[in-house]
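Protein chains in written order, with our numbering: chain P, 427 to 706; chain C, 236 to 400.
Built from N, CA and C at the ideal position, the CB exists for glycine as well.
Inspection log for the structure reproduced underneath, given as structure tokens.
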Amino acid sequence: MAPGADRTHSRRDSLLFAACVVLSVAMLVQPAWGERATGLIRRSVLVPFLWLQERAEASRTTRSAFDRLRAERDSAAHAAQFLSSLRAENVRLRGLLGLGERLRTDYIAAEVLHQAMPTDGRTLLLSAGSRAGVRQFDPVVGAEGLIGVVRTVEPERSIAMTWAHPEFRASTFTQQGEVFGVIAPATQLTGSEQLLQLRGVAIRDSVPAGTLVVTSGLGGVYPAGIPVGTVLGSAPEETGWERVYVVRPAASPAAATQVLILRHPSAASLGRAFQPDSAP
Amino acid sequence: MISIRADRSRLWVVLLLLVVLHFGLRPRLGYPLIAPDFLLLALILYAMRSRPGAAAVAGFLVGLVGDAMVPARIGAGALAHTVVGYLAAWGRAVFFPDNLFINGLVIALAVWARTAIQLVASGPGPGGLLVPLLVWAPLQALTTALTAGLVLVVFQRWLDIRLDA
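Take a look at the structure:
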């Protein structure tokens, strides 16, 4: 290749690279531009690929559910040889207490379509959208507790902002309802564990380690009683006007494979739905 | 000319296969943070055979697709993949001899660099930067490099490379 042509190619390469970097930075600075572009990509080019991923996720979930059920059946069969009378009593008591349907609010089950990006877990792509009845700001929960809230809804899919997102906030109180605060991710550079912070606690209040923090129901997005995490201890607070506590989250968005999207959550507390069964 | 066109179409077949594997196989491979990144692998294979400008554009598009699926900080993925694609194409004369180990090493470095750039551009999260950069990224780099080795061995004639070992 002639030196002149090579120089032209080289200049064109540099220009293309610079243009891509400028566009990327522009989207970082102006997220609205990027949201329009990425929404268009999700609704067009990605449709067949996301459909393929949904099938793969569903197949994996089905297989693991089958394995779990088989293990449970084997355990039950083993236990039934020795504990049949206790089992029967347990079933009768469960029936009396109405624990068969613990979650009384309407919900939609959705698969989580995890991605290879390192920020996966701050937002989650869910396999249910507006056609299934999902709406913006619907709460998203896992079996252990709060995962996040639906941020974007499309006909077939939706995107949830999880508690790991830097902009996530939720009004919470301690399980006994004595101390209120706002939960937010504990953004840090050198941490080794994903943690939350309970901020805005009045200086006169103190929360002992091990206290369960649940959603308060204030604000109208999250119903009361969804477990958020457990207090690990207090964190330093610079201004001295509030107390800040470090909270270990109840549910992990990065590990969630299936979630429930709560529809029309009532004002009643959902706390009982998340309490573990007392008997085996 | 026909040979070059045939080689190019074979490359596109391999890239398409990797895209299908990314969406169809990857979800079945376990924990998503360490499963191999087939899309990034496809980008590097393309960058190895393209000019830096084209590789940068391909990286931008792959990153934009990633941002569409994980819109935590839109633009961070596009930026990270643009830089990685450009550098992979620009440095191929130095870094891509026909050696399987070197190929795997460069692909592993690309995965780690992508993760580092994207996390820095996205801002710190609740887990900090140390664990993602020192635990998850190296593990994903390892699985992606092993997958790359497999792909290069299986498709070495299609990708027109002579592997030493």
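{"Item": "Please name the residue or residues paired with Gln623 (chain P) in a DSSP beta bridge.", "Value": "P:Ala610, P:Val672"}
{"Item": "Quick one: give me the first and last residue of the beta strand (DSSP E) that Ala661 (chain P) is part of.", "Value": "653-661"}
{"Item": "Answer with yes or no whether the minimum CB distance from Gln353 (chain C) to chain P is below 7 Å.", "Value": "yes"}
{"Item": "Just verifying my parser: in three-state terms, what is the DSSP assignment at Val640 (chain P)?", "Value": "strand"}
{"Item": "Cβ atoms of Val640 (chain P) and Pro653 (chain P): under 7 Å apart, would you say?", "Value": "yes"}
{"Item": "Nearest to Arg625 (chain P) by alpha carbon, out of P:Thr637, P:Pro611, P:Leu551, P:Thr487?", "Value": "P:Pro611"}
{"Item": "Do we get a CB-CB distance below 7 Å when we pair Met236 (chain C) with the residues of chain P?", "Value": "Confidence at Met236 (chain C) is low in this model, with a pLDDT of 45, below 50, so the placement of that residue should be treated as unreliable; the coordinate-derived value is given next. Met236 (chain C) does not count as touching chain P."}
{"Item": "Please confirm whether Gln353 (chain C) and Gly312 (chain C) have their CB atoms less than 7 Å apart.", "Value": "yes"}
{"Item": "If you reduce the DSSP assignment to three classes, tell me which class Gly526 (chain P) lands in.", "Value": "Model confidence at Gly526 (chain P) stands at a pLDDT of 41, short of 50, so the residue's coordinates are unreliable and nothing is read from them."}
{"Item": "Just verifying my parser: in three-state terms, what is the DSSP assignment at Arg548 (chain P)?", "Value": "coil"}
{"Item": "Using the three-state DSSP reduction, which class does Leu449 (chain P) fall into: helix, strand or coil?", "Value": "helix"}
{"Item": "Closest Cβ-Cβ distance between Phe443 (chain P) and chain C: below 7 Å?", "Value": "yes"}
{"Item": "What in chain C is Cβ-close to His585 (chain P), meaning under 8 Å?", "Value": "Reading off the sequence, residue 585 (chain P) comes out as Ile, not His. In chain order: Pro306."}
{"Item": "Inspect the beta-carbon positions of Ala348 (chain C) and Ala282 (chain C) and report whether they are closer than 7 Å.", "Value": "no"}
{"Item": "Have a look at the DSSP bridge pairing and note the partners of Pro679 (chain P).", "Value": "For Pro679 (chain P), which the question treats as bridged, DSSP gives no partner whatsoever."}
{"Item": "Pick from C:Ala380, C:Arg286, C:Leu264, C:Arg243: whose alpha carbon is nearest that of Ile337 (chain C)?", "Value": "C:Ala380"}
{"Item": "Quick check on the burial criterion: 16 or more other C-beta atoms within 10 angstroms. Buried or exposed for Gln541 (chain P)?", "Value": "buried"}
{"Item": "If you draw a straight line from the C-alpha of Trp477 (chain P) to the C-alpha of Arg392 (chain C), how long is it?", "Value": "32 Å"}
{"Item": "Determine, using beta carbons only, whether Asp333 (chain C) comes closer than 7 Å to chain P.", "Value": "no"}
{"Item": "Taking the C-alpha atoms as reference points, what is the distance between Asp461 (chain C) and Val248 (chain C)?", "Value": "Lying before the first or after the last residue shown, residue 461 (chain C) is absent from chain C, which here runs from 236 to 400."}
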